[in-house]
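There are 2 protein chains.
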Amino acid sequence: MNFEPELCQVDDALDIIVGKWKPIILLYLLKNGTMRFSELKRSIPDITQKMLTKHLRELEEEYIIDRVVYPQVPPKVEYSITDYGRTLEPILVSMHEWGLKHQQYKQQKQMEKASTAE
Amino acid sequence: MNFEPELCQVDDALDIIVGKWKPIILLYLLKNGTMRFSELKRSIPDITQKMLTKHLRELEEEYIIDRVVYPQVPPKVEYSITDYGRTLEPILVSMHEWGLKHQQYKQQKQMEKASTAE
DNA sequence: CGGCATCCCTTTTGATACTG
DNA sequence: CAGTATCAAAAGGGATGCCG
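These protein sequence lines are chains A and B, in that order. Letter by letter, the first sequence follows residues 1 to 118 in full-length UniProt numbering. Letter by letter, the second sequence follows residues 1 to 118 in full-length UniProt numbering.
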């Protein structure tokens, strides 16, 4: 580490990717590039329209995604990851990989605990 | 990306580092290795004892830090980062660096917006 | 010194109904 | 289709007091 904890800007990055459904929204847009609102909704069945709208607005506010409205009936709105948004990809991939290893590590630790408890 | 959004384990990593004071606690322990409770409290003036205790317990639960109690009066408790906990360091450093760049990027974008608004 | 217990406030998320 | 509005529940966090 070459920075002081007092100057920590980790929270600025966290603010953008934290939110119950934000990581999965980001991963879908990173994978597909562009998706319609309804397409995202179908891909993430348990999310409510309210939360999907809210998270998309917040990501747009931070320049991570673009929102394009096609003025037609019925409405069509497309969301796409920006080039800038793609700079988050390595971090998300690292966290995914760390998360996978952590599951294994916890299982191992808990088995150790169970065997010494006998 | 070589994984499907449905299999996303980003949240497992996020769960561990998310919390109002968790990043700064982790950065102090990564920097110093071992610190006493009161030492952490002094280093992070605005944190309450309750939140410091809570976050430390959660990090211990995930094997990120160790907690050693010295049975003496007055009590002495030392917290240290585990070897396993250190595997989080690259992710925290990446997020810190991304956070720094993001501040600059936002400023630039907002200046662009201000100049076109004239 | 290093906690824990209690009460309270704020923020986040969810359920549901309605709309251009 | 892609939202908004409203109400309610849950989670996160803070202030304070007490304790071995």
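All C-beta atoms in this analysis are idealised placements derived from N, C-alpha and C, irrespective of residue type, glycine included.
Helix, strand or coil at residue i [DSSP, three-state]
i	result
K54 of chain B	helix
V77 of chain A	strand
D12 of chain A	helix
M35 of chain A	strand
V18 of chain B	coil
I91 of chain A	helix
I65 of chain A	strand
Y28 of chain B	helix
Y105 of chain B	helix
Nearest-angstrom Cα separation, counted from residue j out to residue i
i	j	result
L37 of chain A	P5 of chain A	Note on residue identity: the sequence assigns Phe, not Leu, to residue 37 of chain A. Distance between the alpha carbons of F37 of chain A and P5 of chain A is about 39 Å.
A117 of chain A	Q110 of chain B	59 Å
A114 of chain A	Q108 of chain A	10 Å
P75 of chain B	I81 of chain B	20 Å
E89 of chain B	M1 of chain A	8 Å
D66 of chain A	E60 of chain A	6 Å
P71 of chain B	V77 of chain B	9 Å
D11 of chain B	F3 of chain B	14 Å
Contacts of residue i in chain A (Cβ-Cβ under 7 Å)
i	result
K31 of chain B	M1 and P5
M95 of chain B	V10, A13, L14 and I91
I24 of chain B	P5 and C8
Y70 of chain B	Within chain A, no residue comes near Y70 of chain B; the closest Cβ sits about 24 Å away, beyond 7 Å.
Given residue i as reference, the closest of the options once Cα atoms are compared
i	options	result
E58 of chain A	A:L14, A:K31 and A:D46	A:L14
T87 of chain A	B:E60, B:M95 and B:E62	B:M95
K106 of chain A	B:I16, B:N2, B:M1 and B:D46	B:I16
G85 of chain B	B:V18, B:I24, B:I44 and B:E62	B:E62
D46 of chain B	B:E97, B:I24 and B:D66	B:I24
W98 of chain A	B:I91, B:K101 and B:D83	B:I91
Y79 of chain A	A:L100, A:F3, A:V73 and A:N32	A:N32
Q49 of chain B	B:R67, B:W21, B:E89 and B:K101	B:W21
D83 of chain A	A:V93, A:I64 and A:V68	A:I64
Neighbour list for residue i in chain B, Cβ cutoff strictly below 9 Å
i	result
L56 of chain A	In chain order: nothing, as chain B lies at least about 15 Å away.
7 Å Cβ cut-off: residues of chain B touching residue i
i	result
Y79 of chain A	Under the 7 Å cutoff, chain B gives no residues; its nearest Cβ is about 14 Å from Y79 of chain A.
V18 of chain A	L14 and V18
Interface partners of residue i on chain A, CB under 8 Å
i	result
T87 of chain B	W98 and K101
Amino acids of chain B, ordered along the chain, whose beta-carbon sits closer than 8 Å to that of residue i
i	result
K109 of chain A	Y63
Quiz item: Taking contact to mean at least 3 C-beta pairs separated by less than 8 Å, is the stretch 18-37 of chain B in contact with the stretch 45-61 of chain B?
Solution: yes
Quiz prompt | Validate contact between the stretch 16-30 of chain A and the stretch 40-51 of chain A using beta carbons, cut 8 Å, 3 pairs | solution = The stretch 16-30 of chain A vs the stretch 40-51 of chain A: in contact.
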